[in-house]
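Heads up: the structure comes next, in structure tokens.
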Amino acid sequence: MMDKEKALMEHLGDLRKVIIYSGLFFIICFAIFIIFIQQMIPLITKSQKLTMLGPLDVIRFYTGVAGSLSLGVSAPYIGFLIWRFIQPALTDKESKNAIKYIPAMLLSFICGLSFGYFVVFPFAYHFLMSLGTDNFEMMITTQSYFSFLLMTTIPMGFLFEVPFVLMFLTAIELVTPNHLSSFRKYAYVVMAIVSAIITPPDFVSQLIVLFPLFILYEIGIVLSKFVIQNKERKELAEEQVPQV
Numbered sequence: 017m018m019d020k021e022k023a024l025m026e027h028l029g030d031l032r033k034v035i036i037y038s039g040l041f042f043i044i045c046f047a048i049f050i051i052f053i054q055q056m057i058p059l060i061t062k063s064q065k066l067t068m069l070g071p072l073d074v075i076r077f078y079t080g081v082a083g084s085l086s087l088g089v090s091a092p093y094i095g096f097l098i099w100r101f102i103q104p105a106l107t108d109k110e111s112k113n114a115i116k117y118i119p120a121m122l123l124s125f126i127c128g129l130s131f132g133y134f135v136v137f138p139f140a141y142h143f144l145m146s147l148g149t150d151n152f153e154m155m156i157t158t159q160s161y162f163s164f165l166l167m168t169t170i171p172m173g174f175l176f177e178v179p180f181v182l183m184f185l186t187a188i189e190l191v192t193p194n195h196l197s198s199f200r201k202y203a204y205v206v207m208a209i210v211s212a213i214i215t216p217p218d219f220v221s222q223l224i225v226l227f228p229l230f231i232l233y234e235i236g237i238v239l240s241k242f243v244i245q246n247k248e249r250k251e252l253a254e255e256q257v258p259q260v
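Here the sequence shown stands for residues 17 to 260, where the numbers follow my numbering.
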């Protein structure tokens, strides 16, 4: 009983360190971004004429931008701390596969953010703005602009991780390519719903997001088959090794 209590206290102590280190790193990043916020605003607004509705809107906008960027920069470090915390509870197989796929998932997340920032966001923004310019004087607040930017970029980062998530789940034998193929029609429905939620309400923007999602899912099935084939080749090679 004492050993269990001691182990629990050690785990709680490790969790406390994770929370403290994560919070400190986030605060440091936040302070740095606040210092250089003026230089970063043109990269975010892309020379758009935005409107402030009150003096506090400036503070909300700056803190929102700095907070979002700090969270994005802190995420890999926080993920590393969480990984180090949970790694002892994982099997050797799960641990090795996670180490193998985490870098690829991080890279795919960055690619998804880039796709959202350079493709989805500008197209959706200009398309929706064009719908009202003929009949209305369009005044976009900084808060609505930034919220729209987050809505069209952050989800894309997570969605681009789908192929490597499927590879990882296949590697630890939670799913198989046959499961993924048979689940395809349901997955497409789920992706259509997700696309409708994370994108603006116009049909064109939803299609811009939906088609890449379909492609990513199919890529995930192909990569899942590759994982199985690679595993079978290794098992066959081990069987052919002469026993000493």
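Yeah, the Cβ is synthetic: ideal placement off N, Cα and C, and Gly gets one too.
Query	Result
Could you pull the DSSP bridge partners for T67 from this structure?	T157
Tell me whether F96 sits in a helix, a strand or coil according to DSSP, three-state version.	helix
Which of the three DSSP states is assigned to E110 in this structure?	helix
Tell me the rounded alpha-carbon separation between A82 and W99.	25 Å
Quick one: Cα of F137 to Cα of L69, how far?	23 Å
How is K62 classed by DSSP in three states: helix, strand or coil?	coil
Given a cut-off of 8 Å, decide if F41 and S84 are closer than it, judged by their beta-carbon atoms.	no
Under 8 Å, do L66 and Y161 count as touching if we go by C-beta distance?	yes
Quick one: is P92 buried, meaning 16 or more other Cβ sit within 10 Å of its Cβ, or exposed?	exposed
Decide if A203 is buried, meaning its Cβ has at least 16 other Cβ atoms within 10 Å, or exposed.	buried
Ends of the alpha helix (DSSP H) at T186?	178–187
Since I believe S221 is in contact with F143 (beta carbons under 8 Å), could you give me their beta-carbon distance rounded to a whole number of angstroms?	7 Å
Report yes if the CB atom of L239 is closer than 8 Å to the CB atom of L182, and no otherwise.	yes
To the nearest angstrom, how far is it from the Cα of C127 to the Cα of G173?	7 Å
I'd like to know if the segment 192–209 and the segment 226–236 are in contact, where contact means that at least 3 CB-CB pairs between them fall below 8 Å.	yes
Take the Cβ of V243 as the centre, count every other Cβ of all protein chains shown within 10 Å, and call the residue buried at 16 or more, exposed below.	buried
Does DSSP put A125 in a helix, in a strand, or in coil?	Note on residue identity: the sequence assigns Phe, not Ala, to residue 125. DSSP places F125 in helix when its eight states are reduced to three.
I need the DSSP call for L190, collapsed to helix, strand or coil.	coil
Quick one: what's got a C-beta closer than 6 Å to L129's C-beta in the same chain, skipping five residues either side?	T169, G173
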